[in-house]
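Residue numbering for the sequence shown follows the working numbering, beginning at 298 and increasing consecutively.
Just below is one structure, and these are the notes that go with it.
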Amino acid sequence: MERAASIDLKNWIARPQTQTVMDALERGGKSARFVGGCVRDALLGLNVKDVDIATPETPERVIELIEEADLRAIPTGIDHGTVTAICDGIPFEITTLRRDIETYGRRARVSFTEDWAEDAARRDLTLNALYCDRLGKVYDPIGGLEDLKAGRIRFVGDARARIEEDILRLLRFFRFFAFYGSAPADVEALNACRDMAPQLNQLSVERVWKELSRLLLAPDPTQAFSLMSSYGILAHILPEANRSKDLHHLVQIESDLKVQPSYLRRLASIVDLDANGANALASRFKFSNAERDEFSELCNPPDWPDPQADRKRNRLALYRLKPELFIELVLLGATRSPALDWPGLLSFPEDNALPAFSITGQDVIDGGVPTGSDVGNILTQVENWWIESDFTADRDSCLAYLSELITARS
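Next up, the structure:
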């Protein structure tokens, strides 16, 4: 395995906790290497979050070495060679070099090896099969470095074989394409994804949604979604995505206005669902209650901002929607009707802070109305009158109007 490049040591590699874990692993006399995402992202100048390490040592020996260094060792997936070391609260996932003997979709029967090339050959994508030692030397056994530099997303070896080993790799291909791809998508990979797409129903909805939500947060997932649509992938995991072409407009708007992307906003932009449809999708993907509520409001809001309406009309929309949802709908509206001046409404909530409605049900009861449905009906009448005043009527004025209503009904 020849050295292919190097990584600046003024980063996560030089961190004391990283070096402590590497000291522990190499105390047994065998070299350990960083692998996968940490190497990939470091080479791209991105922030490294999780540090994964590969070693020729067996999992049992890894545990011994880690514990001998007075570190905590967790047998995270010891049957598949994975142990997690904890140093000062920071986790390091350590996996023994391995090769697949037999695969079962997501599962695999593996044997451990000391051959780095064999370990690389079982990984999913070439840009994830890069290794780096503690001195920053990068090793590239299968050409992943050139693919990374060129923005090529390729499976290691035969694309169909890699997907058959774990069908989730099909979705991972498009996610990595969205985040790291700049070259044209690999045709062999696309054809394999199309052929294997019917097998996506083998995946749990949680795994599908996890990949889909991460894909939606890519800087620009437009091309990935376009390919997933044209190659029949979306039909199997998100058949509701009948507006996927709108995603391009939303991404552009977010970029122009420097708005942080939201996976629920982006999802809402590519579907056209009524309340039942939105709830069905949320149930299928097992959204949290907060996600369900937000997605439902994005798909079926109680009102809409209107760039062609006057200030009073939009103040009413702001009252019904609250500022956060108002702004979300401005972004979605700009996606669907780009010719209108939606961006002009982004500052509307800040420029039009609305007072809270000051009358409560207790005020109605104190006015002599018995507890019951009439209280709510009268309160709504007062609120509507206050709204019609463009929210200018103060509490005394509202109480006076309430008194008139109560007098009129007696």
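All C-beta atoms in this analysis are idealised placements derived from N, C-alpha and C, irrespective of residue type, glycine included.
- Under the DSSP assignment, I460 falls in the alpha helix (DSSP H) whose first and last residues are 456–462.
- One alpha carbon belongs to G378, the other to R563, and they sit about 38 Å apart.
- In this chain, the beta strand (DSSP E) harbouring T392 covers 387–393.
- Distance from D603 to A614 at the Cβ level is roughly 7 Å; contact confirmed, criterion being Cβ atoms closer than 8 Å.
- By the Cβ rule, the stretch 459–466 does not count as touching the stretch 439–449, because fewer than three pairs are nearer than 8 Å.
- Take the alpha-carbon of G433 and the one of G325: they are about 21 Å apart.
- Y616 is positioned such that its CB atom lies closer than 8 Å to that of L651.
- When secondary structure is reduced to three states using DSSP, K446 falls in the helix class.
- Straight across, the Cα-Cα distance linking W309 with E621 is about 37 Å.
- In this structure, the CA atom of P599 is about 7 Å from the CA atom of L618.
- Non-local C-beta neighbours of V336 in its own chain, meaning closer than 6 Å and more than five positions away in sequence, comprise L427, C429, ordered along the chain.
- A straight line joining the alpha-carbon of I350 with that of R431 spans about 10 Å.
- Excluding its 5 nearest sequence neighbours in each direction, H545 has C-beta neighbours in its own chain below 7 Å: T519, listed in chain order.
- Residue pairing by DSSP puts A351 in a beta bridge opposite R330, T392.
- For V453, the closest of P481, L424, A447, F476 by C-alpha to C-alpha distance is L424.
- With a threshold of 16 other beta carbon atoms within 10 Å, A577 falls short and is exposed.
- Rounded to the nearest angstrom, the Cβ distance from L547 to A538 is 13 Å, too far for a contact under 8 Å.
- Nearest to A705 by C-alpha distance, out of F688, S686, V666, is V666.
- Burial of N611 is indicated by the presence of at least 16 other C-beta atoms within 10 angstroms of its C-beta.
- By the neighbour-count definition (other C-beta atoms within 10 Å, threshold 16), L699 is a buried residue.
- DSSP, read as helix, strand or coil, puts P372 in strand.
- If you look at K507, you'll find it in the alpha helix (DSSP H) that goes 502–513.
- Membership of K609 in the alpha helix (DSSP H) is indicated by the continuous run 608–618.
- With distances taken between CA atoms, R633 lies nearest to V568 out of P516, L422, V568.
- Spanning the alpha carbons of I675 and L702 requires a straight line of approximately 7 Å.
- Boundaries of the beta strand (DSSP E) harbouring T381: 379–384, taken from the DSSP string.
- For Y436, the enclosing beta strand (DSSP E) stretches over residues 434–436.
- By the Cβ rule, the stretch 382–390 counts as touching the stretch 346–362, because three or more pairs are nearer than 8 Å.
- Bounds of the alpha helix (DSSP H) holding N681 are 670–685.
- Here the alpha carbons of E365 and R330 stand approximately 20 Å from one another.
- Of the other Cβ atoms in all chains shown, 16 or more fall within 10 Å of the Cβ of G478; this residue is therefore buried.
- Inside the stretch 563–610, DSSP marks whole alpha helix (DSSP H) runs of 4 or more residues at positions 572–581, 586–596, from first to last along the chain.
- In this chain, the alpha helix (DSSP H) harbouring R692 covers 692–706.
- Taken through DSSP and simplified to helix, strand or coil, L424 comes out as helix.
- Here G529 is actually not in contact with A480; their C-beta atoms are around 22 Å apart, not less than 8 Å.
- In this structure V505 touches I534 by the C-beta definition: roughly 5 Å separates them, less than 8 Å.
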